[in-house]
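Enquirer: The structure's right below; bear with me while I get my questions together.
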Amino acid sequence: MPTDRREPTSPPPAAAAAAGAGAGAGAGAGAGRGVAQARSLFDREILVEALKGSVAKLDPRVQVRNPVMFVVLVGSVVTLVEAIAHPGVFSWSITIWLFLTVLFANFAEAMAEGRGKAQADTLRRTRSETEARRLDEDGTEHRIAASSLQRGDLVVCEGGDLIPSDGEIVEGIASVDESAITGESAPVIRESGGDRSAVTGGTKVLSDRIVVRITAEPGHTFLDRMIALVEGANRQRTPNEIALTILLAALTIVFLPVVVVLEPFARYSGATVSVVVLVSLLVCLIPTTIGALLSAIGIAGMDRLVQHNVLAMSGRAVEAAGDVQTLLLDKTGTITLGNRMASRFVPADGVDEEELARAAQLASLADETPEGRSIVVLAKERFAIRERDLGEEHQFVPFSANTRMSGIDIAGRQIRKGAAESVSRWVAEQGGTVPGGLGQVVESISRSGSTPLVVADGRRVLGVIELKDVVKQGIRERFDQLRAVGIRTVMITGDNPLTAAAIAQEAGVDDYLAEATPEAKMDLIRSEQQGGKLVAMTGDGTNDAPALAQADVGVAMNTGTMAAKEAGNMVDLDSNPTKLIDVVEVGKQLLITRGALTTFSIANDVAKYFAIIPALFVATYPQLSALNIMHLHGPKDAVLSAVIFNALVIVALIPLALRGVRWRPSTAASLLRRNVFIYGVGGVLIPFVFIKLIDLLLVAVHAY
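The opening residue of the sequence shown carries number 210 in our numbering; numbering runs sequentially from there.
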């Protein structure tokens, strides 16, 4: 699969000179990381905006979207009316803390949104300040605002210009700084034709001149989609989030009649329970903590994905990534480094390995392919053979598809390297003979999944160079981690089954699909989905588009075709296929964070029940004193302490909601135990401690 290689691509001199400045400029998107630039969790600017937003969100039309917090808001209005009708420190204190509870919930959501809006403002400035040099049919140029461009327009971009909108290069080649979008400081080469012709609005041309045909409609550019995403404007609730909201609403509805019937029950028992106390009891018993943080968790999850330079088209895709059970990974550039590298020299009988290495190095001096350069490097590492100054008369022989060989003629020697059949035939034509064991060595290397290159010096066959797909360091360990959590990995490759099997075994994937065609990929995805599994895959070509559309999580490369990017539900701005593993981890972290805080919130209610109920009815039913294990000083202290804790715990959990619970590869049973013991048991014990401390503080300051 073609990938955007960001190692040095020998850019033009002007590009090299401008690379440093271009990387720092970032097309106005801030220093260093562009969109993914890390901001402090409580950045002052974001904090101020979040405080304003938390007040604005008190609008009932906004609150009604969150049933739990809407009940708290209604309850705070009821207690306000009661406090005005029957003024008292207790009723006013309860009213203030109930309003604060709603404000803290709004603050959590506004903080999550604020991080995205700050990024969006930077991107919006980039778009609004950009001008385009439109090329008319008669060849003249006119400067217009980038926002005025239409699909199909041709624009000219030269060194120092911002590319005004998404498009395809139709003429020229240039070095482009994409740090404003991807956060990657190294310039990349973009040229007309092939897989590297796509350019993104907001990136900066560092050198040369290109003509770009605009492919995006106004308001629908990649930059616009990024702005909408990071702002949260188009964020839709995911199915699991909707289901959890319904569950929280149901719990709220269940507790509502329970609290209402307490009033006649108390009157019958001879006790007195005010409306303020009943509202406080309801607020403390419903799952306000997770109700307050649920939206922030979802927004923060998408923000974390943006920080990985991945653009998700919907929250559904992020959530689906957390439930993925099958990963389809392309071999080249994902599991392997992308180029076959020389790994060893195998000399023929009677030939010294160093002699073979010296001949192979000479034959590769003019070979600028990664494979050719790796032969030179291997000769240097094994025998300290350095590139030499070829003072003698020499002539390089370039590789051609007809001969399937390359080499050098120097000082009366003819050195060739290439495919075994081609070199063997060439040696025979020179009047030489092929060693009997050569075929066995070539076959052995081929069976191991590597590529053999035979080296000959005139009539003599010197031996074989083994070119090997180099599996990325640490990739096997990552696959082991994924396997531990029940995710099956499948390697997709166009190699023959023999080569595919060897690489799959070395990399540690669970399965592989060799000689893969678009139809074969589709069949594999459908087969997995019919088995009830969610499937994720990466792709960058038009032939990947059907499979990307079929997959539950389809991650398209930013350097890929428009068809691939439109078919997938995520786009990797770095065009790094390995990013799919990170996407899965972000999705799992989102689900784990939501589950952990839900467990903590429900467990909280147990402690608050023990705080309030015994204090309310102990005078009428002394037996309830056995449940008053916190020994709170009185009914009002108990109620107010619980309400204060209920509000403050939301603030305390905001950093966890935004950062997310750390994900460690583990089984579902292990994850359940962790949730129960840390967030379940902790959710029960922590309120006991802090409600008691608040009660002691209220008594110390003589609140009543």
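Glycine included, C-beta positions come from ideal geometry on N, C-alpha and C.
Relative to the alpha-carbon of alanine 805, which residue among Trp872, Ala820, His842 has its alpha-carbon at the smallest distance?
Expert: Trp872
Enquirer: For valine 281, I'd like the list of residues in its chain whose CB is within less than 7 Å of its CB, leaving aside the five on either flank, ordered along the chain.
Expert: Leu307, Thr310, Val311, Val492, Thr497
Enquirer: Using CA coordinates, which residue listed in Asp761, Ser504, Ala710 is at the minimum distance from isoleucine 451?
Expert: Ser504
Enquirer: Take glutamate 340 and list the residues in its own chain whose beta-carbon comes closer than 6 Å to its own, dropping the five residues that flank it on each side.
Expert: Arg352
Enquirer: Specify, as a first and last residue, the run of the alpha helix (DSSP H) that valine 679 falls within.
Expert: Not the alpha helix (DSSP H): valine 679 falls in the beta strand (DSSP E), residues 669-680.
Enquirer: Of the choices Ile382, Asp386, Thr412, Val898, whose alpha-carbon is the least far from that of arginine 399?
Expert: Ile382
Enquirer: What is the rounded straight-line gap between the Cα of leucine 487 and the Cα of isoleucine 303?
Expert: 11 Å
Enquirer: Counting C-beta neighbours from all protein chains within 10 Å, is the total for arginine 549 16 or more, i.e. buried, or is it exposed?
Expert: buried
Enquirer: Let me check understanding here. Comparing Cα to Cα, which of Thr430, Lys589, Met746 lies closest to methionine 779?
Expert: That would be Met746, whose Cα lies nearest to the Cα of methionine 779.
Enquirer: Report yes or no: do three or more beta-carbon pairs, one from the region 874-894 and one from the region 528-543, lie closer than 8 Å?
Expert: no
Enquirer: Mapping DSSP to helix, strand and coil, what is isoleucine 544?
Expert: coil
Enquirer: Sort Ala716, Val910, Val699, Phe592 by Cα distance to alanine 723 and report the nearest one.
Expert: Selected option, being the one with the closest Cα: Val699.
Enquirer: List the residues that DSSP assigns as beta-bridge partners of glutamate 380.
Expert: Val420
Enquirer: With DSSP collapsed to three states, give me the class of methionine 614.
Expert: strand
Enquirer: Tell me which same chain residues have a C-beta within less than 8 Å of the C-beta of leucine 836, skipping the five on either side of it?
Expert: Phe819, Ile822, Pro823
Enquirer: Decide if the region 866-881 is in contact with the region 798-815; the criterion is three or more beta carbon pairs, one per stretch, under 8 Å apart.
Expert: yes
Enquirer: Please look up how many angstroms separate the CB atoms of glycine 410 and proline 373, rounded, as I've assumed it's under 8 Å.
Expert: About 6 Å; that satisfies the 8 Å criterion.
Enquirer: Mapping DSSP to helix, strand and coil, what is threonine 698?
Expert: strand
Enquirer: Could you tell me the boundaries of the beta strand (DSSP E) in which aspartate 539 lies?
Expert: Note, aspartate 539: beta strand (DSSP E), 535-539.
Enquirer: Taking all protein chains shown into account, do 16 or more other C-beta atoms lie within 10 angstroms of the C-beta of arginine 513, making it buried, or fewer, making it exposed?
Expert: buried
Enquirer: Alpha carbons only, please: which of Ser633, Val606, Ala593, Leu789 is nearest the one belonging to glycine 648?
Expert: Ser633
Enquirer: What does isoleucine 619 pair with, by DSSP beta-bridge criteria?
Expert: His603, Arg622
Enquirer: Below 8 Å on the Cβ atoms is my guess for leucine 707 versus arginine 656; work out the distance and round it to an integer in Å.
Expert: 6 Å
Enquirer: Leaving aside the five residues before and after arginine 553 along the sequence, list all residues of the same chain whose C-beta is less than 6 Å from its C-beta, in chain order.
Expert: Glu675
Enquirer: Which of the three DSSP states is assigned to glycine 323 in this structure?
Expert: helix
Enquirer: Should glycine 376 and valine 421 be called a contact, given that it needs their Cβ atoms to be closer than 8 Å?
Expert: yes
Enquirer: Let me check understanding here. Comparing Cα to Cα, which of Asp719, Gly740, Ala572 lies closest to leucine 671?
Expert: Ala572
Enquirer: Thinking just about the alpha-carbon of each residue, which of Thr876, Ile853, Thr535 is nearest to the one in glutamine 738?
Expert: Closest in C-alpha terms to glutamine 738, from the list Thr876, Ile853, Thr535, comes Thr535.
Enquirer: What would DSSP say about proline 579, mapped onto helix, strand or coil?
Expert: helix
Enquirer: Whose CA, out of Gln639, Glu630, Gly750, Arg622, lies closest to the CA of threonine 612?
Expert: Glu630
Enquirer: Could you tell me which of Ile903, Ala729, Gly369 sits nearest to aspartate 846, measuring between CA atoms?
Expert: Ile903
Enquirer: Alpha carbon to alpha carbon, how far is proline 896 from proline 864? Give it in angstroms, no decimals.
Expert: 19 Å
Enquirer: In terms of residue numbering, what span does the alpha helix (DSSP H) encompassing proline 706 cover?
Expert: 706-716
Enquirer: Compare the Cα-Cα distances from isoleucine 370 to each of Val408, Ser357, Asp347 and report the closest residue.
Expert: Inspection of the sequence shows that residue 370 is occupied by aspartate rather than by isoleucine. The shortest C-alpha separation from aspartate 370 is found at Val408.
Enquirer: Do isoleucine 419 and valine 277 come within 8 Å of each other at the CB atom, strictly closer than that value?
Expert: no
Enquirer: Is there at least one Cβ from chain D nearer than 8 Å to alanine 294's Cβ?
Expert: Within the model displayed, chain D is absent; a lone protein chain is all it includes.
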